[in-house]
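Enquirer: This is the structure I have questions about; it appears just below.
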Amino acid sequence: MTNPIYAIGDVHGQLEELQRVLALIEADGGPDAQVVLVGDYVDRGPDSRGVLQFLIDATTAGRNWVTLKGNHDRYLSRFLDDMIVYDPATRPDLSWFNPRLGGDKTMAAYGVEANESIPPSVIRKAALAAVPQAHRDFLSRLPLMHETENLLFVHAGIRPGIALGKQVEDDLIWIRAPFLDHQASHGPLVVHGHTALEHPEHAGNRVNLDGGAGYFRPLHAAVFEGRACWLLSETGRIPLRP
C-alpha cells in the first residue's frame, strides 16, 4: 500500500467546516497525515480571518500540511499590497468587494466595512491596520502546486500541453477551459478545486474537490493511495471514481 495523502477543497472562510474535515482526516490517517489544501481560504464565508490564523498556527506547530494559493487568496494579497480590486480573469465590472466574489465578507472578518460604494483607498487604509502582518506573510508564501509520484495538486488546473515548469500563475489559479474540457491524460492525476460543483467529481484525468463550500455547501476531503481516490465521511471512506 502506498502512503496515503489527503486533500481538502476550497475553504472560503468556513472554519468550522475545515475543522470538521480535518477531524475526518485525523480519524482516517492519524495526526501526522499529509494534507494538501488546494487554496481559496478566504472570501464569501464568515471567518476568513479565523481560517488563516488556524492555518498559520498549524504551520507553526509543524503539521504536515501543504497550503496552495487560490485566486481568492491572491485577491486579498493584491488589495493589501497594491489596492487592486479587479482581476482580468473575471468580468471588468466585478470588483473584489462584490458579494459574488466575497471580499466584503473577508474584510468584515477583520472588522473592516467594505462594499463597492466605499472608495478602495478608504477600505485599504483600514485593512492595513486590521490585517496582521503574519497573515500577509502567510499569503505571500503560498506555493502554486504540489507534485507527488502520481498526483499534481493545484488550485484551478493546468493548461494542457504546457510543461509544468512553464505554467503561469494566472492559469494555475484561474483556468477553466480548456482544462476542464481536456479528456486526455495530463500524466499525473490532477487534483484541484476552483470550479464549484454540487459534489466532488472524478473526471478520469482530474479530480475536482470544490463541492461549493463558498456557497455554504459542505466542505470535502479526499484520500489518495496512488491514483485511487476516496471521499471521507463520518462513516468512513466512499470511493470516488470516474
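Sequential numbering of the sequence shown, starting at 27, is according to this note's numbering.
Cβ coordinates follow ideal geometry from the N, Cα and C atoms, glycine included.
Report the three-state DSSP secondary structure of W200 (helix, strand or coil).
Expert: Correct three-state label for W200: helix.
Enquirer: Going along the chain, which residues of its own chain have a beta-carbon closer than 7 Å to the beta-carbon of D73, five neighbours each way excluded?
Expert: Cβ neighbours of D73 beyond the five flanking positions: G39, L41, A135.
Enquirer: With DSSP collapsed to three states, give me the class of M133.
Expert: If DSSP states are grouped into helix, strand and coil, M133 belongs with the helices.
Enquirer: Kindly confirm or deny that the stretch 86-94 and the stretch 112-128 touch, where touching means at least three C-beta pairs closer than 8 Å.
Expert: The answer is no - the stretch 112-128 does not touch the stretch 86-94, with fewer than three Cβ pairs under 8 Å.
Enquirer: With I51 and L258 assumed to form a contact (beta carbons below 8 Å), what rounded beta-carbon distance in angstroms separates them?
Expert: That pair is a contact at about 6 Å.
Enquirer: Tell me which residue opens and which closes the beta strand (DSSP E) that V77 is part of.
Expert: It is not in any beta strand (DSSP E) - V77 instead sits in the alpha helix (DSSP H) that spans 74-86.
Enquirer: If we call anything under 9 Å between Cβ atoms a contact, is L182 one with F205?
Expert: The sequence given here places Ala at residue 182; Leu does not occur at that position. Result yes, Cβ atoms of A182 and F205 sit closer than 9 Å.
Enquirer: How many Å lie between A210 and D83 at the Cα?
Expert: For A210 and D83, the distance between alpha carbons rounds to 40 Å.
Enquirer: Taking Cβ positions, are V62 and H172 nearer each other than 9 Å?
Expert: Closer than 9 Å, so yes.
Enquirer: Looking at the strands, I want to know which residues DSSP matches up with I264.
Expert: Beta-bridge pairing links I264 to L257.
Enquirer: Between G35 and P214, what straight-line distance do the alpha-carbon atoms span, to the nearest angstrom?
Expert: Their backbone Cα atoms lie some 18 Å apart in a straight line.
Enquirer: Leaving aside the five residues before and after Y67 along the sequence, list all residues of the same chain whose C-beta is less than 8 Å from its C-beta, in chain order.
Expert: Excluding positions up to five away in sequence, the list reads V37, H38, G39, S74, V77, L78, L81, T93, G96, H98, D99.
Enquirer: Within the continuous alpha helix (DSSP H) that includes E52, where are the two ends?
Expert: E52 -> alpha helix (DSSP H) spans 41-55.
Enquirer: Note down the Cα distance separating V217 from V233, rounded to an integer number of angstroms.
Expert: So the two alpha carbons sit approximately 5 Å from each other.
Enquirer: According to DSSP, is E173 part of a helix, a strand, or is it coil?
Expert: Three-state result, E173: strand.
Enquirer: Does the distance from the CB of D196 to the CB of H220 come in under 9 Å?
Expert: Their beta carbons are not under 9 Å apart, which means D196 does not touch H220 by this criterion.
Enquirer: Can the beta-carbon of P146 be found less than 9 Å from the beta-carbon of M109?
Expert: In contact: P146 and M109 (Cβ atoms closer than 9 Å).
Enquirer: Buried or exposed for A160, please, with buried defined as at least 16 other CB atoms from any protein chain shown within 10 angstroms of its CB.
Expert: A160 is exposed by the Cβ-count criterion.
Enquirer: I'd like the span of the beta strand (DSSP E) that includes N234, first residue to last.
Expert: Unbroken beta strand (DSSP E) run through N234: 232-234.
Enquirer: Do L106 and D69 have their C-beta atoms within less than 9 Å of each other?
Expert: Not closer than 9 Å, so no.
Enquirer: Looking only at its chain, what residues have a beta carbon closer than 8 Å to the beta carbon of S166, apart from the 5 residues adjacent to it on each side?
Expert: Excluding positions up to five away in sequence, the list reads S103.
Enquirer: Which residues bound the alpha helix (DSSP H) around V92?
Expert: From DSSP, V92 is part of no alpha helix (DSSP H) but of the beta strand (DSSP E) over 91-93.
Enquirer: In chain order, what residues of the same chain lie with their CB nearer than 7 Å to the CB of W256, ignoring the 5 residues before and after it?
Expert: Contacts found: A248, V249, R263, I264, P265, L266.
Enquirer: Select from R162, L154, V111 the residue whose C-alpha is nearest the C-alpha of S143.
Expert: Among R162, L154, V111, the Cα nearest to that of S143 belongs to V111.
Enquirer: What's the C-alpha gap between L154 and L44?
Expert: Spanning the two alpha carbons is a distance of roughly 26 Å.
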